[in-house]
Structures are given as structure tokens and as C-alpha cells.
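Some notes on the structure that comes next.
Protein chains: 2
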Amino acid sequence: MLPAEYRELFNRNFSFWEHLTEKQKDTLCANTTVASYNKGATLQSGSRGCLGLTLVKSGQLRIYMLSEDGREITLYRLYQGDTCILSASCVLEAITFDVFIDAESDCELLLINSTVFNKLTEENIYVEAFGYKLATERFSDVMWAMQQILFMSFDKRLAIFLVDELSKTGSQDINFTHEQIAKYMGSAREVVTRMLKHFVNEGIVELYRGGIRVTDKKKLKSLI
Amino acid sequence: MLPAEYRELFNRNFSFWEHLTEKQKDTLCANTTVASYNKGATLQSGSRGCLGLTLVKSGQLRIYMLSEDGREITLYRLYQGDTCILSASCVLEAITFDVFIDAESDCELLLINSTVFNKLTEENIYVEAFGYKLATERFSDVMWAMQQILFMSFDKRLAIFLVDELSKTGSQDINFTHEQIAKYMGSAREVVTRMLKHFVNEGIVELYRGGIRVTDKKKLKSLI
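Structure follows, in C-alpha cells:
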């Protein structure tokens, strides 16, 4: 990649970019590498290593926690254009836990090493604010996951709703907007959208404008 | 309280204080109130309201999530000198979840209303960084709680260790430092300390320099 391409990507994805000095911008670019990972590769395992700030150029990452007896709990996934902050958790002192990061597909990542990211965080309050804001977004993701894992109710309710609708129409399509489903279920559109996206990740449905296609009815029914 | 007392407290607890203009400092003080809550009072329930940034002057808060069928999951507690950021979650756009906050004892809080905190966050990057850093600290607390709830292993292991030691000495005291316990258990001191603090919150043990007193052996055994 050319330095100009880095600059373009950073400018688009890092809110702190415009607050860096020219020297800081140069340092950032000079210390960025492109790393490729194959599907299934482990980028970070628990307390071992602190890869650095990573920007997903292509592919999909899964961030999870692991119990001592090997049980995995998926916390969230990251996609093209997302920035992974927990791969730089050693830089942010408020983060005192470790996670595992796997490539769920072949991935290309931009990698800003943690020493450089650390230096920028110390020098520039905008970089620090960016890091902690990102971490807080992931906090929201984890709270969502926790809600699902601990309470397991809305996914069931939505699955029941979708199965009911399928049996009414006899097709694999449900022609409702998220807004309409939310109304029927006495919920909020955001909640419906988020759960449907979760179903997409699980390979249960596909979304299109104005409707939902159920691609794995068996898996959908297994939720009920 | 006198304005000078506010300033003293803010200076001690808010890392952004020194980066405020005099006008911003005045605005902050002028919009701070002291609020008292009785033990058991609910300060915030889910999506209803956004109290503002709160500094615990005395007492103890419990932050928890609630399932649709009324199950409570304690996320963390806050004590004297702690700042509660999730009571100002409406100000930070990266926070997309709601929590419940109860007074676990009679409480006195300094309350900075969310409109003023919002304005400061927009005007001053140090205030924004402070808010998101605090949120990230709470993220770490929640990850710890999640680990306990989902995996439930270290608390059991520590309980077994303590019960074993009690039966060896026949007293209610265990004269080990956290460091020593960590060594015996093949764990880290921080992990032991954190779990012991959890046991203190649960009323199971008391900590003193160089040792642990088990105050509720029955409850300790119930963990095993």
C-alpha cells in the first residue's frame, strides 16, 4: 500500500486524524503494516500479546472470551472498516481484561503497533478519547451479548414470530419492515434490527429491503 | 456545601478539571446539586431518565441489569469517591444500553445534570476522554462479573482453598497475603485480591493486613 492510501483510510476511520501534527501523521503511517490472516487463525489469545490498533481492511474477526474449561463466549464481531481496540488493550489502562481474537474468514488488517499507538495516546488527548470511545462502543456490544446469553428471551420471541409468519404464508419470505415487526411484538425497531443482524450472523436469515428471507428454518426453530 | 468544597472534590476526582476554563468551572459548580437517597431507593431504572454525572459523597450504589421476567444481574458497585458514568449514559453516544441503579445504603451524591455535562463534553475533549475512560473502567468490571457468572470457577477454587485452610488451623483466620494465596493457587495476585473483595461485598470475609477472617463459613461453603 502507498502512504497516500494509508492517509486516506486513516482520515476516513480515525476521528483523531485531523488533530495530529504532520510529524505524528508521518510516524503513524511509517509504523503501520498490512497483515494477512487465514480463516481460523488466532490473532490474540488472552493475555498473550497486544497486537496493536487494527483496522479491518477486509474479512471478519470474532472477539470472544474463554473459560478455563475451554467454553467460548462470543462477545462481538468486527467487519470491514471496523477498528479493533481490544487488540491494543495494553495501551489503555482502564482495560483490565483479556480477550481472544480469531479470523472468521481470510482477513487483511492494517496494524498500528502498540508502542506507537501508546505514544500517540500519551501525546494527544484526541487519540486517547478515540480509544476509550471505541472501547465503550464495544462495551455496548458486550452488554447486548450478555443480555442475550443471560436472559435469552427476545431471540426466542422473534424466532416464534418469524416461524408463525412463515406458516401463514407458506413461503420463506416475510414481507414486514423492522418497524412493523417491532410494533407487532411491542418492542423497539432498534432491538428488532439488532436481533435480525444477529440472526444474519448466525446464518439463519438474509435481509433485503422491506423483508426477511429465512434461509435456515431448522436453526430458527431450534431457538424456540 | 460551599463552592470551594465542590472545587476541592472536583479537582481531586475529575482529571479534566485542570483543563477547564474558569467559566466552565463556574458553570459546573453552579449546576451541581447534593442529592440524598435512602437505602433501597432506585436512582435510575432502565431507559427512564438520565440523572447526570454523579460523584458518590457517601454510601454505596449497585448497578445492575434486569431481565424481562425480573431477574437481576449485579454488574458492579460504586463507593465513596467513585464517579458514576452510566447515570449520564445519554450524554455518551457510544453507550447504547440502559442499566438500573439502586442505593444499597443511605447515600449522598453530588449530581451534575446531564445537560451541563453534555455541553462540557462537546466543548472540551478532556471531558469526553474522561467520560469514555470511566465507561471503559466499568466495561472491565462488567467483564469480570460476566466471567464470574458464566464460568464460575475461580470463586469456587478460592472458596475450596479457604475452607481447606480453615480446617487446618481450626480458627476463623487465614494468615496468608494475597500474593501467597495466588502462588498456592497458580493464579495472579490481582485476581485473588479482586475475588476477596467480592467475598467482602458478599459478607463472607473481612480483610486485614496479612490475613483474612472468614465471617460466614456457611456462605463460603455454599460456593463449593
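Respectively, the protein sequence lines represent chains A and B. FYI, in my numbering the residues of the first sequence are 6 to 229. FYI, in my numbering the residues of the second sequence are 6 to 229. All C-beta atoms, glycine included, are put in the ideal place defined by N, C-alpha and C.
Task: chain B contact for Lys138 of chain A (CB, 7 Å cutoff) - done: By 1-based counting over the first sequence, the position of residue 138 of chain A is 133. It does: the Cβ of Lys138 of chain A has a partner Cβ on chain B nearer than 7 Å.
TODO: Could you name the residues of chain A that Ala99 of chain B contacts, counting a contact when the two beta carbons are closer than 7 Å?
DONE: What you label residue 99 of chain B is simply residue 94 of the second sequence in a count that begins at 1. What Ala99 of chain B touches in chain A: Lys138, Thr141, Glu142 and Ser145.
Open item on the list: Beta-carbon within less than 6 Å of Cys55 of chain A's beta-carbon, same chain only, minus the 5 sequence neighbours each way: which residues are those?
Closed with: Taking the first residue of the first sequence as 1, we reach residue 55 of chain A at position 50. Correct list, in chain order: Cys95 and Ser119.
Open item on the list: With a threshold of 6 Å on Cβ separation, who are the neighbours of Leu58 of chain A within its own chain once the five nearest residues in sequence on each side are excluded?
Closed with: Position 53 of the first sequence, counted from the start, is the residue given in the question as residue 58 of chain A. Around Leu58 of chain A: Ala93, Ile117 and Phe122.
Open item on the list: Taking 7 Å as the limit between beta carbons, can you name the residues of its chain near Leu212 of chain A, skipping five residues before and five after?
Closed with: Indexing the first sequence from 1 puts residue 212 of chain A at position 207. Excluding residues within five positions, the ones whose Cβ falls inside 7 Å are Leu201 and Val205.
Task: Beta-carbon proximity check, Lys62 of chain A vs Glu113 of chain A, cutoff 7 Å - done: As a first step, residue 62 of chain A must be located in the first sequence, where it is residue number 57. As a first step, residue 113 of chain A must be located in the first sequence, where it is residue number 108. In contact: Lys62 of chain A and Glu113 of chain A (Cβ atoms closer than 7 Å).
- [ ] Hey, could you find the ends of the alpha helix (DSSP H) Ser35 of chain A is sitting in?
- [x] Translated into positions along the first sequence, residue 35 of chain A becomes position 30. Strictly speaking, residue 35 of chain A in this sequence is Ala, with Ser absent from that position. Glu27 to Ala35 is the extent of the alpha helix (DSSP H) around Ala35 of chain A.
Open item on the list: For Ala81 of chain A, report the span of its beta strand (DSSP E) as first-last.
Closed with: In the first sequence, the residue the question calls residue 81 of chain A occupies position 76. One point to set straight first is that residue 81 of chain A is Tyr, not Ala, in the sequence displayed. Run containing Tyr81 of chain A: Glu77 to Leu83, per the beta strand (DSSP E) assignment.
- [ ] Less than 8 Å between the CB atoms is what I'm expecting for Ile68 of chain B and Tyr81 of chain B, so what's the real figure, rounded?
- [x] Residue 68 of chain B sits at position 63 when you count from the first residue of the second sequence. Residue 81 of chain B sits at position 76 when you count from the first residue of the second sequence. Going by Cβ atoms, the distance from Ile68 of chain B to Tyr81 of chain B rounds to 6 Å, so yes, they are a contact pair.
TODO: Determine the direct distance from the alpha carbon of Glu23 of chain A to that of Glu13 of chain B, and round the result to whole angstroms.
DONE: Within the second sequence, numbered from 1, the residue matching residue 13 of chain B stands at position 8. Within the first sequence, numbered from 1, the residue matching residue 23 of chain A stands at position 18. Rounded to whole angstroms, Glu13 of chain B to Glu23 of chain A spans 35 Å at the Cα level.
Open item on the list: On the criterion of 16 or more Cβ atoms from any shown chain inside 10 Å, does Thr38 of chain B qualify as buried, or is it exposed?
Closed with: Along the second sequence, one-based indexing puts residue 38 of chain B at 33. Exposed, by the Cβ-count rule.
Task: chain A contact for Ile68 of chain B (CB, 7 Å cutoff) - done: Taking the first residue of the second sequence as 1, we reach residue 68 of chain B at position 63. Output row for Ile68 of chain B: interface = no.
Task: Secondary structure of Cys95 of chain B, DSSP reduced to three states - done: By one-based count along the second sequence, residue 95 of chain B stands at place 90. Helix at Cys95 of chain B.
- [ ] Establish whether the CB of Phe122 of chain B and some CB of chain D are separated by less than 7 Å.
- [x] Going by chain labels, chain D is absent from the structure shown, which instead holds the protein chains A and B.
Task: Neighbouring residues, chain B, relative to Trp149 of chain A (Cβ below 9 Å) - done: Translated into positions along the first sequence, residue 149 of chain A becomes position 144. The answer, in chain order, is Thr101 and Phe102.
- [ ] Could you tell me which of B:Leu60, B:Met151, B:Lys28 and B:Val197 sits nearest to Ala164 of chain B, measuring between CA atoms?
- [x] Position 159 of the second sequence, counting from 1, holds the residue named residue 164 of chain B. Cα-wise, what sits closest to Ala164 of chain B is B:Val197.
- [ ] Kindly list, in the order they appear in chain B, the residues whose Cβ is closer than 9 Å to that of Tyr42 of chain A.
- [x] Taking the first residue of the first sequence as position 1, residue 42 of chain A is located at position 37. Those within 9 Å of Tyr42 of chain A in chain B number zero; the least Cβ separation is about 24 Å.
Open item on the list: Quick check: what's the CA-CA separation for Ile130 of chain B versus Ser20 of chain A?
Closed with: On the second sequence, position 125 is the one that residue 130 of chain B refers to. On the first sequence, position 15 is the one that residue 20 of chain A refers to. If I take the Cα positions, the gap works out to 12 Å.
Open item on the list: Using a Cβ-Cβ distance cut-off of 7 Å, determine whether Leu155 of chain B contacts chain A.
Closed with: Numbered from 1 along the second sequence, position 150 holds the residue referred to as residue 155 of chain B. It does; some Cβ of chain A falls within 7 Å.
TODO: Could you run through the stretch 178-195 of chain A and flag, in chain order, every residue whose CB is less than 7 Å away from some CB of chain B?
DONE: none
TODO: Go ahead and label Glu27 of chain B buried or exposed: buried means 16 or more other beta carbons lie within 10 angstroms of its beta carbon, across all protein chains shown.
DONE: By one-based count along the second sequence, residue 27 of chain B stands at place 22. Flag for Glu27 of chain B reads exposed.
Task: Short Cβ contact (7 Å threshold) for Ser50 of chain B with Phe102 of chain B - done: As a first step, residue 50 of chain B must be located in the second sequence, where it is residue number 45. As a first step, residue 102 of chain B must be located in the second sequence, where it is residue number 97. The answer is no: Cβ separation not under 7 Å.
TODO: Using 10 angstroms around the beta-carbon of Gly136 of chain B, count the other beta-carbons present and answer buried if the total reaches 16, otherwise exposed.
DONE: Residue numbering aside, residue 136 of chain B sits at position 131 when the second sequence is read from its first letter. By the neighbour-count rule (16 or more Cβ atoms within 10 Å), Gly136 of chain B is buried.
Task: Cβ separation of Leu167 of chain B and Val132 of chain B, assumed to be a contact under 8 Å, to the nearest whole Å - done: Walking along the second sequence from the start, residue 167 of chain B turns up at place 162. Walking along the second sequence from the start, residue 132 of chain B turns up at place 127. Actually they do not touch by this definition, with Cβ atoms about 43 Å apart.
Open item on the list: For Leu139 of chain A, count the other beta carbons within 10 Å of its own beta carbon; 16 or more makes it buried, fewer makes it exposed. Which is it?
Closed with: Here residue 139 of chain A refers to the residue found at position 134 of the first sequence. Leu139 of chain A should be labelled buried.
Open item on the list: Below 7 Å on C-beta distance, what does Ile78 of chain B contact in chain A?
Closed with: Position 73 of the second sequence holds residue 78 of chain B. The contacting residues are Leu155.
Task: Simplified DSSP state of Ala193 of chain A, which is helix, strand or coil - done: Stepping through the first sequence from its first residue, residue 193 of chain A is reached at position 188. Coil.
Open item on the list: Using 7 Å as the threshold, is the C-beta distance between Ala99 of chain B and Glu195 of chain A below it?
Closed with: Looking up residue 99 of chain B in the second sequence gives position 94. Looking up residue 195 of chain A in the first sequence gives position 190. No, the pair does not count as a contact, with Cβ atoms beyond the cut-off.
TODO: Starting from the beta carbon of Ile130 of chain A, find every residue of chain B whose beta carbon is closer than 7 Å, and list them in chain order.
DONE: Here residue 130 of chain A is taken as the residue at index 125 of the first sequence, counted from 1. Those within 7 Å of Ile130 of chain A in chain B are Ile130, Tyr131 and Ala134.
Open item on the list: Let's test the definition: count the other Cβ atoms within 10 Å of the Cβ of Thr174 of chain A and tell me whether it reaches 16, buried, or not, exposed.
Closed with: Against the first sequence, residue 174 of chain A aligns to sequence position 169. So Thr174 of chain A counts as exposed.
Open item on the list: Just to confirm the assignment, what range does the beta strand (DSSP E) spanning Val219 of chain B have?
Closed with: Position 214 of the second sequence, counted from the first residue, corresponds to residue 219 of chain B. Here the beta strand (DSSP E) through Val219 of chain B covers Gly216 to Val219.
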